[in-house]
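Asks:
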Amino acid sequence: MEQYDHKKIEKKWQKKWTEEGIYKTSDESDKPKEYVLDMFPYPSGEGLHVGHPKGYIATDIYSRYKKMRGFNVLHPMGWDAFGLPAENYALKNKVHPRQAVEKNIARYKEQLSIIGFNYDWDREINTTDPEYYRWTQWIFLQLFKVGLAYESNEPINWCPSCKTGLANEDLDNGACERCGSAVEKKRIRQWVLRITDYAERLLNDLDELKEWPEHIKELQRNWIGKSEGAEIDFGIAGRDEKIKIFTTRPDTLFGATYMVLAPEHPLVLNNELGISNYEEVKKYIEEAGKKTEIERTAEGKEKTGVELKGVKAINPANKEEIPIFIADYVLADYGTGAIMAVPAHDERDFAFAKKYKLPIRMVICPHYPAPTCPVLDEAYIGNGHLVESGQFNGLPNEDAKKKITEFVGGKMKTTYKLRDWVFSRQRYWGEPIPLIHCEKCGVVPVPEKDLPVTLPEVEHYEPTGTGESPLANISEWVNVLCPTCGGKGKRETNTMPQWAGSSWYYLRYIDPKNQDAFVDTKKEKYWSPVDMYVGGAEHATRHLIYARFWHKFLYDQGFVSQSEPFMRLKSPGLIAGADGRKMSKRFGNVINPDDVVATYGADTLRLHEMFMGPFEQGAAWSEESIIGPRRFVEKVWRQAARIGGTTDASLLSKLHQAIKKVGEGIELFRFNTAISTMMIFMNEAEKSGTIGQGEYELFLKIVSPFAPHAAEELWREVLGHKKSIHLEPWPVYDESKIVSEGFTITVQVNGKVRDTFMIETELSEDEVKDQALALEKIKRWIDGQAIKKIIYVKNKIVNIVV
RNA sequence: GCCCGGAUGGCGGAACUGGUAUACGCGCACGACUUAAAAUCGUGUCCCGAAAGGGUUGUGGGUUCGAUUCCCACUCCGGGCACCA
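Residue 344 in the working numbering is what sits at position 344 of the first sequence, and the numbering runs on without skipping anything.
Here you go:
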């Protein structure tokens, strides 16, 4: 038998598996289905580093295992290729984004293929393929039809020097990352999706996702940020206008000693209140407008504000006239953009009141009845009973919330942090939004039969400088006839964000070539939902919320059969560079999987990444320890030459333990311990010398998901099997073969281990205790002291308390 | 500031529902094979101690016959969110 040489076998089998089509998925099967999905990558120009495949290796092992367990498995891969990264890469390298994407995809695919993944490439999808984005556009039209898409003027980050909109990500401390100019807010016409209509369901249905990690669900809950409170109108002294505020603490209304509006509050912007110091106010508004969100929200920032002179608000609870301020710590787009300030019971209001010497009135006392209310040196935000609150005095504050709200004619109201989803970009490289602006009919959807609205070829795909998409410059594309009235119309020139294509791609894999529908209903019913979804935790809030939103919408429209898309979710911990920092070209710590495969082989890379530690935990790359998994593969290889005779009972026992534990480990994504179990078996096998062929084959099968190439080579070339090991059933372990070699009883005195002894078979409690007490060492430790009690844990421990 | 993780030998980590802490791997040391080296195999490897024994899972307390595991307080590290009324 030849020596193990990964270079001789890995490419060979990858080719053969493709030729034999062993990874083809059938839509018709009596088997139960299992849909195993990776978050698809966007093919950047940098190529894969060694951290990227971690999740793919896990799903590869998992899906191979599920196939062996008799499931019909769907395990596809594709490309999320629209969006800024691809566009920026193209701009930088002076090629068309399409060409850049094609090149990068080819590179990614090659890199993935040499690791030996079992994707069904017949189902490959690409979000930039018109046959794909046709359906992305179609889904948008369905949203539009029911009123979930609307136009609105939304603020964006605008770099006045580059003349382009910037994502938060492209900001460097409030300035443009590229040119360093201060970034402004600019309002621009945008398409927005009403995701907030789904806030309550997106929140509640998290409870049904039993197999999602709790911390990811928590992230989503915080992102949705439900809070229950009240909306209350404050009058303005001597005027008819009212100012609506939102508060979660209507119980503290009597303690409201001033009011704060966001600088962008419409009543202030339009100077509708007769403010006497408007010049000063205007200046503050301008200052606030210049600041980025980052500056406005910096930690521990001193509160600033300006009083609106000549105007007073009326506290509706006690009719007191109170001053009104504007301050940038109040945000225009949360709640109503106005608050009542209760300095005694809110930390921010407290800090502000101290600075501007405003009255602080305590209306909730922790101890009731309090002889006097203590002087506060910080806000009291806890519970208590009401004081100085008229007829509500003495009520527990929780009970007072509703009562006070009703008393002043307010209403209880739920708000969410979640904001509607700004769904347009003024960029070239995205799906065109399939709408036409008609002079007569307004906004008209492109008829479904005319989809896709394809991206036209342009000479310049750089941003235009006007804030409009480059598509706006192509008049022959923009000017069209209105599909409704036949009159003059103009195409919408905004494109969709990268999130669009990734919000439904998992459905397209089910039926990737369907020309008549985004997915066939029957196939969708069979494959949905995704059973196992693996991808980075950085997508916990955005991608996973957007996809859940679209899925629920499609469910409501009757297009899909399940209300949630992803049943089980796992996030791989990040693989950092050897220096402990994030792998990045910038730090020069990037390890390319191609190099690792060339040196050690794909099987070793796969084992190593899974053996590094718990799957969901991060780890630094270490080239030093990869030799361990490599030695393991070599041991398995060498053992094939020692097949013959029989397998002794102890090795047989280890084998069945391994079958059991490896299966459980894969199910639970505990690959590191699964691998150590296999190593233990191999060590034992080496010691015993020979192994029966049947037993060796069983072991090869459990190794095969981890090291598919070596296992296949041994199975077919060395052992002479005709069909692939990857089509074999998973071995059934035999509990009776897992023979125990007796039990080691630990004897403790007062909880400290003093001795151990073996019992061959299970004995009665009294017999074990007698044996323990008879031990010489134990006798010495007890040394005539009175035994208070003896605790016995079956087959494990005797603890003698003296 | 808030939320979520985490802290175990020289290093990565293991320990099922509270029951012998340090499995497995790396590294290191010694030995076998070899003229030699590599590879491989074997033995050892938490700390103190000659031994008996004692100590040890970030720190300090608690519950328990018994705590890496449960509870309280704190320190440090990683991630997320951020003046959300």
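Don't be surprised by glycine CBs; every beta carbon is placed ideally from N, CA and C.
What you are looking at is a predicted structure, and each value in this text was computed from that prediction instead of being measured.
1) Can you grab the Cα-Cα spacing for the pair TRP730 / LYS66, in whole Å?
2) What's the gap between the Cα of VAL703 and the Cα of TYR696?
3) Helix, strand or coil: which one does DSSP assign to GLU184?
4) How many Å lie between ILE436 and PHE82 at the Cα?
5) What does the Cβ neighbour count give for SER152, buried or exposed, with the cut at 16 atoms within 10 Å?
6) Exposed or buried, what is GLU762 when buried is set at 16 or more other beta-carbons lying within 10 Å of its beta-carbon?
7) Can you tell which of PRO323, LEU331, LEU253, ARG249 has the C-alpha that lies nearest to the C-alpha of ALA288?
8) For the alpha helix (DSSP H) holding GLU151, just list the boundary residues, first then last.
9) Checking the sheet assignment: what are the DSSP bridge partners for ARG638?
10) Contact between the stretch 317-336 and the stretch 211-220 is defined here as three or more beta-carbon pairs at a separation below 8 Å; is this criterion met?
11) When the distance is taken between beta carbons, is LEU574 closer than 9 Å to GLY618?
12) Check for me: the alpha helix (DSSP H) holding VAL597 runs from which residue to which?
13) Nearest-angstrom Cα distance between ARG427 and HIS551?
14) Since VAL749 and ILE800 are thought to touch, with beta carbons under 8 Å apart, how far apart are those beta carbons, to the nearest angstrom?
15) Have a look at VAL311 and LYS283 and give me their C-alpha separation to the nearest angstrom.
16) Just checking, does the stretch 683-693 make contact with the stretch 641-653 on the three C-beta pairs under 8 Å criterion?
17) To the nearest whole angstrom, what separates the beta carbons of GLY580 and LEU418, a pair I think is in contact under 8 Å?
18) Determine the burial state of PHE587: buried for a count of at least 16 other Cβ atoms within 10 Å of its Cβ, exposed for fewer.
19) Comparing alpha-carbon positions, which option in PHE566, TRP121, SER475, ARG631 lies nearest PHE549?
20) Can you name the start and end residues of the alpha helix (DSSP H) that ASN88 belongs to?
21) Alpha carbon to alpha carbon, how far is VAL363 from THR252?
22) If the criterion is Cβ atoms closer than 9 Å, does the pair GLY55 and PRO572 meet it?
23) DSSP on LEU37, reduced to helix/strand/coil?
24) How would you label PRO41, buried or exposed, when you count the other beta carbons within 10 angstroms and need 16 or more for buried?
25) Report the residue ranges of all alpha helix (DSSP H) runs contained in full by the stretch 521-572; include only those spanning at least 4 residues, in chain order.
26) Could you check if MET758 is buried or exposed, using at least 16 other CB atoms within 10 Å of its CB as the buried criterion?
27) Are the CB atoms of ILE666 and ILE61 within a distance shorter than 9 Å?
28) Measuring CA to CA, which of ASP349, MET340, VAL260, GLU200 is closest to ILE232?
29) Secondary structure at GLN142, three-state DSSP: helix, strand or coil?
30) For ILE381, does the count of other Cβ atoms within 10 angstroms reach 16, so buried, or fall short, so exposed?
31) Assuming GLY390 and PHE254 form a contact by the criterion Cβ under 8 Å, report the distance between their Cβ atoms to the nearest whole angstrom.
32) Compare the Cα-Cα distances from TRP504 to each of LYS523, VAL480, TYR546 and report the closest residue.
33) Whole angstroms are fine: how far does the CA of GLY394 sit from the CA of VAL387?
34) Run through DSSP, which three-state label would ASN589 get?
35) Count the other CB atoms within 10 Å of the CB of CYS814; is the residue buried (16 or more) or exposed (fewer)?
36) Report the three-state DSSP secondary structure of ARG630 (helix, strand or coil).
Replies: The relevant details are as follows:
1) Computed Cα separation, rounded: 9 Å.
2) CA-to-CA, the gap between VAL703 and TYR696 works out to about 11 Å.
3) Looking at GLU184 - three-state DSSP - the assignment turns out to be strand.
4) Going from the Cα of ILE436 to the Cα of PHE82 covers about 22 Å.
5) The residue in question, SER152, is exposed, as its Cβ has fewer than 16 Cβ neighbours within 10 Å.
6) Of the other Cβ atoms in all chains shown, fewer than 16 fall within 10 Å of the Cβ of GLU762; this residue is therefore exposed.
7) ALA288 has its Cα closest to that of LEU331, out of PRO323, LEU331, LEU253, ARG249.
8) Per DSSP, GLU151 belongs to no alpha helix (DSSP H); it is in the beta strand (DSSP E), 149-159.
9) ARG638 is not bridged to any residue.
10) Result no; under three Cβ-Cβ pairs closer than 8 Å.
11) Yes; because the gap between Cβ atoms is below 9 Å, this pair is in contact.
12) Per DSSP, VAL597 belongs to the alpha helix (DSSP H) from 593-600.
13) Distance between the alpha carbons of ARG427 and HIS551 is about 26 Å.
14) By a beta-carbon distance limit of 8 Å, VAL749 contacts ILE800. Their separation comes to about 5 Å.
15) For VAL311 and LYS283, the distance between alpha carbons rounds to 18 Å.
16) Between the stretch 683-693 and the stretch 641-653, the count of C-beta pairs closer than 8 Å reaches three or more; the two stretches touch.
17) 35 Å between Cβ atoms; not a contact.
18) PHE587 should be labelled exposed.
19) That would be PHE566, whose Cα lies nearest to the Cα of PHE549.
20) Segment 84-93, the alpha helix (DSSP H) holding ASN88.
21) Rounded to the nearest whole angstrom, the CA to CA distance from VAL363 to THR252 is 6 Å.
22) Going by C-beta atoms, GLY55 is nearer than 9 Å to PRO572.
23) Residue state, collapsed to three classes: strand.
24) Result: buried.
25) Considered as a whole, the stretch 521-572 harbours 521-527, 542-556 as its complete alpha helix (DSSP H) runs of no fewer than 4 residues, in chain order.
26) Per the 10 Å Cβ criterion, exposed.
27) A Cβ-Cβ contact shorter than 9 Å links ILE61 with ILE666.
28) Taking only the C-alpha atoms, the option nearest ILE232 is MET340.
29) GLN142: helix per DSSP, three-state reduction.
30) Of the other Cβ atoms in all chains shown, fewer than 16 fall within 10 Å of the Cβ of ILE381; this residue is therefore exposed.
31) Indeed, because the Cβ distance is near 7 Å, the residues count as touching under 8 Å.
32) Its Cα nearest to that of TRP504, the residue TYR546 stands out among LYS523, VAL480, TYR546.
33) Straight through space, the alpha carbons of GLY394 and VAL387 are spaced by roughly 6 Å.
34) In the three-state scheme derived from DSSP, where H, G and I count as helix and E and B as strand, ASN589 is classed as coil.
35) Residue 814 lies beyond the residue range present for the chain, which begins at 1 and ends at 802; the question has no answer from this structure.
36) In this structure, ARG630 counts as helix in the three-state DSSP scheme.
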